[in-house]
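Trainee: A single structure is presented below for examination.
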Amino acid sequence: MVPLSRSRPLLAAALRFSGRRRPPRSRGSAAALLPPGSGTAPAARPCSGGGVLRHLLLKLRATGPLTVAEYMREALTNPGQGYYARRGGVGRDFVTAPEVSQVLGELVGIWCLSEWMAAGRPAAFRLVELGPGTGALTDDILRVFNQLASLLSKCDVSVHLVEVSPKLSETQAQMLTGGNVQSNSEDEAAYMKGISKTGIPIYWYRGIQDVPQGYSFYLAHEFLDALPIHKFQRTEKGWREVLVDIDPEAPDQLRFVLSPSSTPATENFIQPEETRDHVEVCPEAGVLIQRLACRIEKDGGAALIADYGHDGTKTDTFRGFRNHKLHDVLKAPGTADLTADVDFSYLRKMAQGKIATLGPIKQREFLKNMGVDLRMQVLLQNSRDSATREQLLHSYDMLMNPKKMGDRFHFFALLPHYRLTHPHKERSLQSKSPLPPVAGFGELLLK
1 MVPLSRSRPL LAAALRFSGR RRPPRSRGSA AALLPPGSGT APAARPCSGG GVLRHLLLKL
61 RATGPLTVAE YMREALTNPG QGYYARRGGV GRDFVTAPEV SQVLGELVGI WCLSEWMAAG
121 RPAAFRLVEL GPGTGALTDD ILRVFNQLAS LLSKCDVSVH LVEVSPKLSE TQAQMLTGGN
181 VQSNSEDEAA YMKGISKTGI PIYWYRGIQD VPQGYSFYLA HEFLDALPIH KFQRTEKGWR
241 EVLVDIDPEA PDQLRFVLSP SSTPATENFI QPEETRDHVE VCPEAGVLIQ RLACRIEKDG
301 GAALIADYGH DGTKTDTFRG FRNHKLHDVL KAPGTADLTA DVDFSYLRKM AQGKIATLGP
361 IKQREFLKNM GVDLRMQVLL QNSRDSATRE QLLHSYDMLM NPKKMGDRFH FFALLPHYRL
421 THPHKERSLQ SKSPLPPVAG FGELLLK
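Residue numbers (full-length UniProt numbering): 1 to 447.
Next comes the structure, spelled out in structure tokens:
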């Protein structure tokens, strides 16, 4: 166990390192942060004749209405014409926090180191990111690890990326390794591997189940919001599932309809105590949380989830983005990103008590607790021109302004129970040693 008094100077040093300010990857647009809730407004919508639409129309004529989850899966991940297969997504239709500023990734890197030290500095850990986008978050984290290489000199660190998009995996490989990667044979769990610019091995996988188990930090930044959801509406006859069907008045258009009776999903996902009239449930997120809970309970480590969401209070949040603007979710499927707010209360429930959960906490509060002001002060002091300072201030405003990302995004952590009850598995439950706070979810004291 690392005493808290010894860990503080290390974290303070991490915040104060001069580093090299990386160039902004994307200024993005605040339009991508518009409020949710416009996903199901008029019933009928004109659609372009794209490949996904033609495929969906044929499927609907053959089998009848689809669940919203099935529709999202086709629109986003259809191998030939899906959004992620065709466009790659990040940098085109929305902007993520790691694209706005290097600071977020640096602070997440410090968070991982803080938890690693609190666990007694295990001899090895895996950094696992789900849906890494351009690789910006991992790149910024690895820069922190490299800056504190002496701290990690006796630790075997490796990076494991879960990515289904070939285009994005190429982008990630270029950013993290300079393109120095090699493909693996089909019988290997990782389909690609390489070495980072700082000498850390990196592996790519198509699913979390393929990632080797062991002490790991799992990161999911704006990942869960893109997983398919089921939508349900309360009616006078009980709960009905929202489905996607062909508009009978316009055979090349799609519309939302209600199931004529209860569906299996309705029976499985709607709780008797539910008070809302409209509910969205993401079963794939639930399965993922269960898998992470089992891994963390068995091997230790932690998971940090950052996304826009709510704690079981919102209703209709399904929406689309195209060119940084809200886009009709049923128009031209495959050409826009589809997303829905994460229900953190559902994630907490799916952890099933196997592990402890913290949050959700607003992004501006998490970053403030992590020392964002000190880190930004160092970057501003080291900036050499007014344009750089202006960009830094702009990025700080995007991350922290309550009307932008500050209140829209939340952080949520999964931790072993012993992390919050006693310092270390192997130590006595009667240990009187003080517990180091979980960084980000309480003020990180650096003095």
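For each residue, glycine too, the CB sits at the ideal point set by N, CA and C.
According to DSSP, is ASP385 helix, strand or coil?
Mentor: DSSP places ASP385 in coil when its eight states are reduced to three.
Trainee: Would you call the CB atoms of TYR418 and ALA303 closer than 8 Å?
Mentor: No, the Cβ-Cβ distance between TYR418 and ALA303 is not below 8 Å.
Trainee: Would you decide whether PRO132 is buried or exposed? Buried here means 16 or more other CB atoms lie within 10 Å of its CB.
Mentor: buried
Trainee: Using a Cβ-Cβ cutoff of less than 7 Å, which residues in the same chain neighbour LEU76 once the five nearest sequence positions on both sides are dropped?
Mentor: GLY82, TYR83, TYR84, ALA226, LEU338
Trainee: Please identify the residue among VAL244, THR388, GLN233, GLY214 whose C-alpha is closest to the C-alpha of ALA293.
Mentor: GLY214
Trainee: Return the first residue and the last residue of the beta strand (DSSP E) that PHE409 is part of.
Mentor: Run containing PHE409: 409–415, per the beta strand (DSSP E) assignment.
Trainee: In angstroms, rounded to a whole number, what distance separates the CA positions of ARG389 and HIS230?
Mentor: 44 Å
Trainee: Within this structure, are the beta carbons of LEU399 and GLN363 separated by less than 8 Å?
Mentor: yes
Trainee: Out of GLY179, SER196, TRP204, which has the shortest C-alpha to C-alpha gap to ALA190?
Mentor: Nearest C-alpha to ALA190: TRP204.
Trainee: Could you give the residue range of the beta strand (DSSP E) that holds MET192?
Mentor: 192–195
Trainee: Pairing CB atoms from the stretch 339–358 with CB atoms from the stretch 381–396, are three or more of them under 8 Å?
Mentor: no
Trainee: Which of helix, strand or coil does DSSP assign to GLU280?
Mentor: strand
Trainee: I need the boundaries of the beta strand (DSSP E) containing HIS324, first residue and last residue.
Mentor: Unbroken run through HIS324: none, as it is neither H nor E.
Trainee: In the structure shown, what three-state DSSP assignment does ARG206 receive?
Mentor: coil
Trainee: Enumerated in chain order, which unbroken segments of the beta strand (DSSP E) with a length of 3 residues or greater are wholly contained in the stretch 139–192?
Mentor: 156–162, 181–183
Trainee: Let's test the definition: count the other Cβ atoms within 10 Å of the Cβ of residue 491 and tell me whether it reaches 16, buried, or not, exposed.
Mentor: This structure leaves residue 491 out entirely; the chain is present only between 1 and 447.
Trainee: Return the CA-CA distance between PHE125 and GLY371, expressed in angstroms with no decimal places.
Mentor: The alpha-carbon separation between PHE125 and GLY371 amounts to approximately 24 Å.
Trainee: Is it the case that the Cβ atoms of PHE441 and LEU347 are separated by a distance below 8 Å?
Mentor: no
Trainee: Taking just the CA atoms, how far does SER169 sit from THR266?
Mentor: Roughly 36 Å between the two C-alpha positions.
Trainee: Is DSSP giving GLU241 helix, strand or coil here?
Mentor: strand
Trainee: Are there 16 or more other CB atoms within 10 angstroms of the CB of ASN78, so buried, or fewer, so exposed?
Mentor: buried
Trainee: Hey, how far is the Cα of PRO122 from the Cα of SER153?
Mentor: 12 Å
Trainee: Just to confirm, is the Cβ distance from ALA332 to GLY50 under 8 Å?
Mentor: yes
Trainee: Return the first residue and the last residue of the beta strand (DSSP E) that ARG126 is part of.
Mentor: 124–130
Trainee: What span of residues does the alpha helix (DSSP H) with LEU76 cover, start to end?
Mentor: 68–77
Trainee: Once you ignore the five residues that flank ASN180 on each side, which residues in its own chain have a CB closer than 7 Å to its CB?
Mentor: Excluding residues within five positions, the ones whose Cβ falls inside 7 Å are GLY194, ILE195.
Trainee: When you compare each of SER345, PRO166, PHE409 to GLU361 by their alpha carbons, which one comes out closest?
Mentor: The displayed chain sequence assigns Ile, not Glu, to residue 361. Comparing Cα positions, the closest option is PHE409.
Trainee: Taking the straight line between their C-alpha atoms, what separation do you get for LEU429 and HIS221?
Mentor: Annotation note: pLDDT 44 at LEU429 (below 50); position unreliable, no value reported.
Trainee: Can you tell me which of the three DSSP states PHE344 falls into?
Mentor: helix
Trainee: Within 10 angstroms of the Cβ of GLU188, are there 16 or more other Cβ atoms? Answer buried if so, exposed if not.
Mentor: exposed
Trainee: Nearest-angstrom Cα distance between LEU137 and LEU104?
Mentor: 8 Å
Trainee: If distances are taken between C-alpha atoms only, which option among GLY120, ARG86, LEU53 comes closest to LEU435?
Mentor: GLY120
Trainee: What does DSSP give as the partner residue(s) for PRO201 in the beta ladder?
Mentor: ILE195
Trainee: Can you grab the Cα-Cα spacing for the pair LYS298 / VAL108, in whole Å?
Mentor: 23 Å
Trainee: Taking the alpha carbon of MET376 as the point to measure from, which residue in PHE366, SER395, PHE269, GLY359 has its own alpha carbon closest?
Mentor: SER395
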